[in-house]
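Right, one structure below, let's go through it.
2 protein chains.
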Amino acid sequence: MTLSEKNFAFVMHCGEMGSRWGFNRTIGQMCGLLIITKDPMTANQIADALSISRGNVSMGIKELQSWQLIKVMHIPGDRKEYYAPAGDIWDMANRVFEERKKREVEPTLSLLRDNLLDEASNDDEIYAQKQMGEIHNLLETVTKWSSELQRLTPEQLNKLMKLGSGIGKVIDLKDKILKKM
Amino acid sequence: MTLSEKNFAFVMHCGEMGSRWGFNRTIGQMCGLLIITKDPMTANQIADALSISRGNVSMGIKELQSWQLIKVMHIPGDRKEYYAPAGDIWDMANRVFEERKKREVEPTLSLLRDNLLDEASNDDEIYAQKQMGEIHNLLETVTKWSSELQRLTPEQLNKLMKLGSGIGKVIDLKDKILKKM
DNA sequence: TACAAGTTTCAAAAATAAATGAAATCTATG
DNA sequence: CATAGATTTCATTTATTTTTGAAACTTGTA
């Protein structure tokens, strides 16, 4: 079972992008491969398709499971484990988003909070705290908004988009309405 | 000029997070250091503060400039170059966001577009194209929304947030209004 | 234009991350 | 409960990324 040229190109691209999205090349490839492959695949099929070792696939699977991006499936009478994406593209994107927030925003927020609780003891610390406060605000804002957006379905988002109206306009509209109340 | 313990911890943390944000440890540290330091710094001051080589600083500066995150300043009668953040926290975050979009979303979109233009030549390709189409839609949606959000000032965002209203509510509101029109 | 202060470059070294594959472990079934 | 098929682990190897530092380069000044 060999990948077509186009499909192979896509899988390799997922590899390149993999590290950007928080995992390594191989894991990116595995993820891409499972997404474009209709039927669930065994670990050996994955290893063959990507020309990587069986052990590497095993580690990749563990990692993808920790991101909740893939699920295990079984075929009656077959002892092998089959893997498939856990949900549709939208679900997967949400998981990646959520997980990254947990890994890269939350630790920073907690460090900043700690830092901001302490009394600054000199000019350098006063300035630094001011800046850290700004970062803290930014991250809180981004976090809150992203969870609001994640709550919406792709349909809701697309619907809005197709109305040809930017969020800026929506907000203006809301402002006007609130003033009237 | 030594960093206080708190400030040092922050700078090191920026290093850890650096790679997540698209650059390496040292560059993350440099960025953090310049952000919490009131006065512009010379390359040598940066090298000393972080205990890294002068050459490394030079490369880091180049990279941070390519992200438009720092600017060069001069002090009359002093031949050295001084570096400072190019803008406030919000500006910098926007730049990073923008740059990452360029580096990690746009190449993918263009690959997907190419792939989707071709006629699928068998079942595997048909399914793969369906999935790629989904990813394409998702990325387009995310891209559009993020540029809408970036257009807003932090004040606008905060104001809205403080009204205690989620974007979901805003959208509902908009829907109702549109129906009346 | 020669010099010195400052900056950049880049080949080589060091550090880090990822992949391999053989051995250990797990597990369904006769 | 022994075994064969399957999966996981992890020490070692391999590949990649980052850092160093000496040499080359740039530039303002005497």
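Residue numbers (the numbering used here), protein chains in the order written: chain A, 1 to 181; chain B, 1001 to 1181. Ideal placement from N, C-alpha and C gives every residue a C-beta, glycine not left out. Bear in mind the structure is a predicted one, so any value in this text is a computation, not a measurement.
Rank B/Gly1022, B/Ser1053 and B/Glu1081 by C-alpha distance to the C-alpha of B/Val1072 and give the top, closest one.
-> B/Glu1081
Mind listing the chain A neighbours of B/Lys1101? Cutoff is C-beta to C-beta under 9 Å, in chain order.
-> Under the 9 Å cutoff, chain A gives no residues; its nearest Cβ is about 11 Å from B/Lys1101.
Any 3 or more C-beta pairs closer than 8 Å across the segment 1084-1091 of chain B and the segment 1008-1023 of chain B | no
Neighbourhood of B/Phe1010 by C-beta distance below 8 Å, restricted to the same chain and skipping five residues each side = Gly1032 and Ile1036
Would you identify the three-state DSSP class for B/Ile1027, choosing helix, strand or coil?
-> helix
Separation of A/Lys102 from B/Gly1087, as counted between CA atoms | 27 Å
Go to A/Lys130, then tell me how far its alpha helix (DSSP H) extends in each direction, as first and last residue.
-> Asp123 to Arg151
Applying the criterion that 16 or more other CB atoms from any shown protein chain within 10 Å of the CB defines a buried residue, is B/Pro1085 buried or exposed?
-> buried
Grab the span of the beta strand (DSSP E) containing B/Lys1038 for me, first residue to last.
-> Element bounds for B/Lys1038: n/a, residue is neither H nor E.
Tell me, please, whether the CB atom of A/Met30 is closer than 8 Å to any CB atom in chain B?
-> no
C-alpha gap between B/Asn1115 and B/Gln1129, whole angstroms | 8 Å
Please check the pair A/Gln29 and A/Leu3, which I expect to be a contact at CB under 8 Å, by giving their CB distance rounded to whole angstroms.
-> Incorrect: roughly 11 Å between the Cβ atoms, too far for contact.
Go ahead and pull the three-state DSSP assignment for A/Lys71.
-> strand
Paired residues, beta bridge with B/Ala1009 - DSSP = The partner list for B/Ala1009 (beta bridge, DSSP) is empty, contrary to what the question assumes.
From the beta carbon of B/Ser1066, is the nearest beta carbon of chain A less than 8 Å away?
-> no
To the nearest angstrom, report how far apart B/Ile1052 and B/Thr1026 are at their CA atoms.
-> 8 Å
CA nearest to the CA of B/Glu1106, picked from B/Lys1038, B/Lys1144 and B/Asp1078 | B/Lys1144
Which class does B/Pro952 belong to by DSSP, given the choice of helix, strand or coil?
-> Residue 952 of chain B is absent from the structure shown; chain B starts at 1001 and stops at 1181.
Three-state secondary structure assigned by DSSP to B/Ala1084 = strand
In the DSSP assignment, what residue or residues form a beta bridge with B/Thr1042?
-> B/Tyr1082
If the cut is a Cβ gap below 8 Å, which residues of chain A does B/Gln1131 touch?
-> Ile35, Ile36 and Ile89
Excluding the five sequence neighbours on either side, which residues of its own chain have a C-beta within less than 8 Å of the C-beta of B/Ser1058, listed in chain order?
-> Ala1043
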